[in-house]
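Structure, as structure tokens:
Numbering (this note's numbering), first residue to last: 323 to 546.
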């Protein structure tokens, strides 16, 4: 079984490749250069393992929330590969992927990522015996509202820490802050989620998760 999964919801481009029982992980900070790098990175990574893109059995993508533009680029690429090669595809919340970075711990994990406009994307997770389960729905709110809604001591991870570190620490809801390299999706965790998904029936779903109201999302404008 061979799986290719990507996440483009943040400033980091994450790619995971599973081949012959081995997972390969590729993580690169791209910023605004993503569109010019993604296809090249996919091709080079796949080729470096001795695999061909046409040999991939499943495709997967992080669906956000996060960068509107980044999510659309990633979803479009995976949809195109899946459709052209007639292979199944599926998606995951990017916050679920980030939470998996902390699967070595135990207890509650609060993922908080920057949503701009003074807001935060948030997901709450419970880690037990290396199993990561989301508790409740994903949220978009200001950091004060997020913190007031958390009922347990949590390990916090996600890039919103860089903006709200003091508030998080002073909230008494924080047992620890994750290291910065744990704030973003990782390629190997995309693969881990994929391996769990393919073991049971699934519905192909690559609908982006924005959380913002539709009238706040970036839209393409046709100019005649």
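In this text, a Cβ means the ideal position worked out from N, Cα and C, and glycines have one as well. These figures come from a predicted structure and were not determined experimentally.
The beta carbons of residue 331 and residue 400 sit no closer together than 9 Å. Here DSSP, grouped into helix, strand and coil, assigns residue 398 to helix.
Looking at the DSSP output, residue 445 sits in a beta bridge with 433. Out of 326, 421, 520 and 508, the CA that lies nearest to the CA of residue 447 is found in 421. In this model, residue 496 and residue 490 are separated by some 6 Å (Cα to Cα).
It is roughly 29 Å from the alpha-carbon of residue 501 to the alpha-carbon of residue 412. Judged by beta-carbon spacing, residue 499 lies within the 9 Å limit of residue 479, meaning their Cβ atoms are closer than that value.
C-alpha of residue 395 to C-alpha of residue 334: approximately 13 Å in a straight line.
Judged by beta-carbon spacing, residue 375 lies within the 9 Å limit of residue 403, meaning their Cβ atoms are closer than that value. In the DSSP annotation of this structure, the continuous segment of the alpha helix (DSSP H) that includes residue 518 starts and ends at 509 to 519. If you ignore the 5 residues before and after residue 345, its C-beta comes within less than 6 Å of the C-beta of 510 and 513, all in its own chain and listed in chain order. Beyond the five residues adjoining it in sequence on each side, residue 526 comes within less than 7 Å, by CB distance, of 410, 411 and 412 in the same chain, given in chain order. Assigned with DSSP and collapsed to three states, residue 489 falls in helix. Taking 9 Å as the cut-off, the beta carbon of residue 432 is found closer than this to the beta carbon of residue 477. Per the coordinates, the alpha-carbon of residue 458 lies some 40 Å from the alpha-carbon of residue 369. Beyond the five residues adjoining it in sequence on each side, residue 359 comes within less than 6 Å, by CB distance, of 352 in the same chain, given in chain order. Taking all protein chains in view, the Cβ of residue 508 is crowded by 16 or more other Cβ atoms within 10 Å, so the residue is classified as buried.
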